[in-house]
Amino acid sequence: MPNTKLTPSLRRLLKSYRGKASLRKQIAKALFVSVLLTALVGPFEPSDAATVPKATQILAKLATKGRAPQTGYDRDLFSDGWGDIGECDARNYILKRDLTNITFRSSPRCTVGTGTLNDPYTGQVINFVRGVGTSSEVQIDHVVAVSDAWQKGAQKLSSSKRYSFYNDPLNLLAVDGPTNQQKSDSDAASWLPPRRAYWCPYVARQIAVKYKYNLWVTSAERASMVRVLKTCPNQVIPKG
22 MPNTKLTPSL RRLLKSYRGK ASLRKQIAKA LFVSVLLTAL VGPFEPSDAA
72 TVPKATQILA KLATKGRAPQ TGYDRDLFSD GWGDIGECDA RNYILKRDLT
122 NITFRSSPRC TVGTGTLNDP YTGQVINFVR GVGTSSEVQI DHVVAVSDAW
172 QKGAQKLSSS KRYSFYNDPL NLLAVDGPTN QQKSDSDAAS WLPPRRAYWC
222 PYVARQIAVK YKYNLWVTSA ERASMVRVLK TCPNQVIPKG
């Protein structure tokens with residue numbers, strides 16, 4: 022992660038902080054935006070495509086441990102809803118990134134009203150329409166599920182790191198809603214996308230996220246990832 026210069030507003034916020042719980046989430050959000058603006062591409066900043074690490078190389082660096090208890094888990098310990106990325110919340114940021122033929126409902130061009138998703142998990146083309154009963158057809162998946170992260174190291178992360186994990190574009194994909202619900206909080210040992218052609222990119226993204234946030238894998242999870250990557254030994258880590 023590159024060195025991050027604090028903005029004047031962040032310096033003022035930190036100066037005013039005296040252990041007040043009400044300010045913790047503000048600080049976490051400010052840190053997240055500051056880091057994101059300088060490192061939006063994620064933990065890897067190659068100068069040449071040939072230097073992008075392979076997924077197998079990064080997987081070898083992940084620790085292997087058992088799953089910790091879920092004791093104390095609460096999604097609000099990560100983020101109370103979607104955080105902001107620039108002028109948009111993380112959900113709309115990802116919709117803008119992953120959908121095509123987009124129309125907007127607000128200015129600045131932030132709230133996505135309609136669009137087309139080529140779903141990576143199923144291969145289906147989904148026409149997204151914002152509204153009651155239709156918005157959920159396209160959901161934003163945490164590629165590394167939040168509760169899975171909690172049981173594999175995230176409970177030891179700082180509040181700002183958990184906030185960053187929750188809203189990090191590296192860990193977010195717009196996908197088919199029902200398929201996302203089917204996945205739930207599964208790891209790679211118990212769930213892979215129905216579309217086999219996406220197994221390698223999916224596993225590579227999970228590895229990238231776990232490496233970035235110092236999360237571990239279970240032995241069964243590692244074995245599943247190894248099996249997948251044997252079919253694509255040159256699969257590289259995604260940038261973001």
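The opening position of the sequence shown corresponds to residue 22 in this note's numbering, with each subsequent residue numbered one higher.
All residues carry an ideal CB built from backbone N, CA and C; glycine is no exception.
Assumed close pair residue i, residue j - CB separation to whole angstroms, cut-off 8 Å
i	j	result
residue 232	residue 99	18 Å between Cβ atoms; not a contact.
residue 188	residue 106	7 Å
residue 195	residue 115	5 Å
residue 238	residue 76	Actually they do not touch by this definition, with Cβ atoms about 12 Å apart.
For residue j and residue i, the rounded distance between their alpha carbons
i	j	result
residue 200	residue 178	29 Å
residue 122	residue 137	6 Å
residue 225	residue 170	16 Å
residue 57	residue 240	Its pLDDT being 49, under 50, residue 57 is placed unreliably by the model, and nothing is read from it.
residue 193	residue 89	23 Å
residue 91	residue 168	8 Å
residue 259	residue 220	13 Å
residue 119	residue 212	22 Å
residue 242	residue 176	19 Å
residue 117	residue 159	12 Å
residue 93	residue 84	23 Å
residue 203	residue 246	20 Å
residue 210	residue 152	35 Å
residue 180	residue 97	10 Å
Among the options, nearest to residue i - alpha-carbon criterion
i	options	result
residue 86	227, 172, 222 and 192	172
residue 198	117, 250, 174 and 154	154
residue 73	252, 238, 229 and 250	229
residue 156	133, 176 and 175	133
residue 253	223, 238, 235 and 260	223
residue 190	103, 236 and 203	103
residue 234	182, 110 and 205	182
residue 110	261, 119, 236 and 131	131
residue 174	236, 205, 186 and 206	236
Residue i burial status per 10 Å Cβ neighbour count (16 or more: buried)
i	result
residue 108	exposed
residue 248	exposed
residue 95	exposed
residue 251	exposed
residue 208	buried
residue 82	exposed
residue 113	buried
residue 227	buried
Would you call the region 216-235 in contact with the region 137-149, where contact means no fewer than 3 C-beta pairs closer than 8 Å?
yes
Answer yes if the region 127-137 comes into contact with the region 148-156, meaning at least three C-beta pairs across the two stretches below 8 Å, and no otherwise.
yes
Would the region 161-175 and the region 123-131 be scored as touching if the rule is three or more Cβ pairs under 8 Å?
no
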